[in-house]
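The opening residue of the sequence shown carries number 0 in numbering that gives the first Met the number 0; numbering runs sequentially from there.
Backbone N, C-alpha and C define an ideal beta-carbon position, used for all residues, glycine too.
On a predicted model such as this, the values are computed, not experimentally measured, just so you know.
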Amino acid sequence: MKIKFLYITFNIVLIAALLLLFFTPKLTLSDDLYTEIAMTNNIFIIALFVITIAINCIFIINRKPLKYLEEENWKGLAAYLHNKIYTQKRISARSVQLLCDSLLLTGRTEEIIDLCTFVKAENHKAYQKNILRFASSYVLLTKPVEARSVLEEADPSIAKTDWVKWYHAFTFYLEKDFSATITELGQSISAFKDPVVSALSVYLLQQLAPINEAEYQKYGQFVEDKKNKLLIDFSRKKFHEYSEDQKSQLYCVIISSLIKQAEDLIYN
Numbered sequence: 000m001k002i003k004f005l006y007i008t009f010n011i012v013l014i015a016a017l018l019l020l021f022f023t024p025k026l027t028l029s030d031d032l033y034t035e036i037a038m039t040n041n042i043f044i045i046a047l048f049v050i051t052i053a054i055n056c057i058f059i060i061n062r063k064p065l066k067y068l069e070e071e072n073w074k075g076l077a078a079y080l081h082n083k084i085y086t087q088k089r090i091s092a093r094s095v096q097l098l099c100d101s102l103l104l105t106g107r108t109e110e111i112i113d114l115c116t117f118v119k120a121e122n123h124k125a126y127q128k129n130i131l132r133f134a135s136s137y138v139l140l141t142k143p144v145e146a147r148s149v150l151e152e153a154d155p156s157i158a159k160t161d162w163v164k165w166y167h168a169f170t171f172y173l174e175k176d177f178s179a180t181i182t183e184l185g186q187s188i189s190a191f192k193d194p195v196v197s198a199l200s201v202y203l204l205q206q207l208a209p210i211n212e213a214e215y216q217k218y219g220q221f222v223e224d225k226k227n228k229l230l231i232d233f234s235r236k237k238f239h240e241y242s243e244d245q246k247s248q249l250y251c252v253i254i255s256s257l258i259k260q261a262e263d264l265i266y267n
């Protein structure tokens, strides 16, 4: 009902705006003045009309998935997207993302792995856009080697992002290769911009410090600097709100307890 209400309200507003643009100049301006501004006014009317048509087309095309989302019918959404992607071969990054999330919410993580293989073969762009989701699904299934293999297939522009770099290091942590974890995170921590990634890195490095103190000492000052920067830039409330927003992403949901531990370490 909410989506339908928003759709109807939006149409009413756009139609009202169209009518105002069309009739107001005619009713309030002299013929000579109206003639002067008619061209500009008509351009606005045409533009608004095109926007109205475009939005209605988008809603009509996506009415089924929107209905499933509104009802939180994840099984229905998964079935709809499965048919769209596998049968119709209409593969987009957004559809793949929604199917990943739907499968996770219905406890069908293994099917995300099948989806990963299929999308990799069929659509490079959609695969790259969702590479972190696919890798984190392997992490959820405690398959760190496979997760790292997926991450190492990332295009250069994606491979250098904070979350991809952090997850790559995290796969070593899951394998208990703590020296490699310290080295990767230590070399990257100063460059991390995302506060959640920064907090997770501080947490893991400080937890691993007693295990390999010699390796940690190479990066200890970077860790302290990053922790201090977080405390300066983010109050606990602000950090918590930001991290909660991030948890709409699959790759954050599966490490939500780790994010909480990192928050506690930094702000307690």
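For residue i, I'd like the list of residues in its chain whose CB is within less than 8 Å of its CB, leaving aside the five on either flank, ordered along the chain.
i           : result
residue 260 : 202
residue 63  : 79
residue 241 : 194, 195, 233
residue 269 : Examination of residue 269 is not possible in this model, given that the chain is present from 0 through 267 alone.
residue 257 : 199, 202
Using a Cβ-Cβ cut-off of 7 Å (strictly less than) and excluding sequence neighbours within five positions of residue i, which residues of its own chain qualify?
i           : result
residue 165 : 196, 199, 200
residue 147 : 167, 170
residue 125 : 90, 91, 92, 95, 118
residue 184 : 168, 200, 203, 204
Considering just the uninterrupted stretch of the alpha helix (DSSP H) at residue i, what are its terminal residues?
i           : result
residue 271 : For residue 271 there is no data in the structure shown, the boundaries of the chain being 0 and 267.
residue 143 : 143 to 150
residue 244 : 235 to 245
residue 62  : 62 to 70
residue 171 : 161 to 173
residue 209 : Unbroken run through residue 209: none, as it is neither H nor E.
residue 130 : 130 to 139
residue 250 : 249 to 252
residue 258 : 255 to 266
residue 111 : 108 to 121
residue 179 : 177 to 187
residue 85  : From DSSP, residue 85 is part of no alpha helix (DSSP H); its letter is neither H nor E.
residue 92  : 92 to 104
residue 153 : Counting along the chain, residue 153 falls outside any alpha helix (DSSP H), and DSSP gives it neither H nor E.
So residue i and residue j are supposed to be a Cβ contact under 8 Å. How far apart are they, rounded?
i           : j           : result
residue 110 : residue 102 : 5 Å
residue 163 : residue 115 : Contact doesn't hold; Cβ gap of about 15 Å is too wide.
residue 262 : residue 239 : 6 Å
residue 230 : residue 253 : With 8 Å as the limit, residue 230 and residue 253 do not qualify as a contact, their Cβ atoms being about 27 Å apart.
Here's a check: name, in chain order, each residue in its chain whose Cβ is nearer than 6 Å to the Cβ of residue i, leaving out the five neighbours to either side.
i           : result
residue 122 : 90
residue 73  : 101, 104, 105
residue 221 : 188, 189
Does any CB atom of chain B fall closer than 7 Å to the CB of residue i?
i           : result
residue 182 : Here chain B cannot be found, since the structure has a single protein chain.
Kindly confirm or deny that the stretch 196 to 204 and the stretch 154 to 173 touch, where touching means at least three C-beta pairs closer than 8 Å.
yes
Are the stretch 206 to 214 and the stretch 89 to 100 touching by the rule of at least three beta carbon pairs closer than 8 Å?
no
Does the pairing of the stretch 181 to 189 with the stretch 237 to 253 give three or more beta-carbon distances under 8 Å?
no
Is there contact between the stretch 64 to 72 and the stretch 46 to 55, where contact requires at least three CB pairs shorter than 8 Å?
no
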